[in-house]
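Working notes, beginning with the structure itself.
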Amino acid sequence: MTAAERLRVVVAGPDGQDDPRAVALARALRDSGAEVVLTGEVASAGRLAATVVQEDADAVGVAGGRPDLLAEVLDRLVAAGVDDVTAFVLGTTAGLPDGVRGFADGAAPEDVVAALREAAGGL
């Protein structure tokens, strides 16, 4: 796999770069072959969407965060002309907004990466 084919994922957590779930998710994704950008604390959906655009990410995930935040991020991305980003949350699979995928705590990292690669067109 070349660098151009690597899955790029922006990961955020409610406690920023020190959030243990976000750090664990970022490490697991990295170890499974994804290129990961671990953000600071999510101040707003606008800031997270801007990071996704700036990093040209294929996916954006929040570990243990609010799924509705990701729905707003997706809305902002679409408004910016970016409609090919997969949004996901780690920690819940129930009651998710449209367009947001959920993975239960303890989901195998390789399963998360495989689902994100599939959503990104097989990267």
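In our numbering, each residue carries its 1-based index in the sequence shown increased by 3. Ideal Cβ positions, reconstructed from N, Cα and C, are used throughout, including at glycine.
Based on DSSP bridge pairs, tell me the residues matched to Val-115.
Bridge partners of Val-115: none, in fact.
Any chance you could list the alpha helix (DSSP H) runs of at least 4 consecutive residues sitting entirely within the stretch 26-79, in chain order?
The stretch 26-79 contains these whole alpha helix (DSSP H) runs: 48-58.
Contact check, Gly-124 vs Gly-94 under 8 Å by CB: the rounded distance?
Not a contact, Cβ separation roughly 26 Å.
Report all residues from its chain with a CB closer than 7 Å to the CB of Asp-78; omit the five preceding and five following residues, and keep chain order.
Correct list: empty, nothing qualifies.
Is it buried or exposed, Pro-23, if we count other Cβ atoms within 10 angstroms and call 16 or more buried?
Exposed, because fewer than 16 other Cβ atoms sit within 10 Å of the Cβ of Pro-23.
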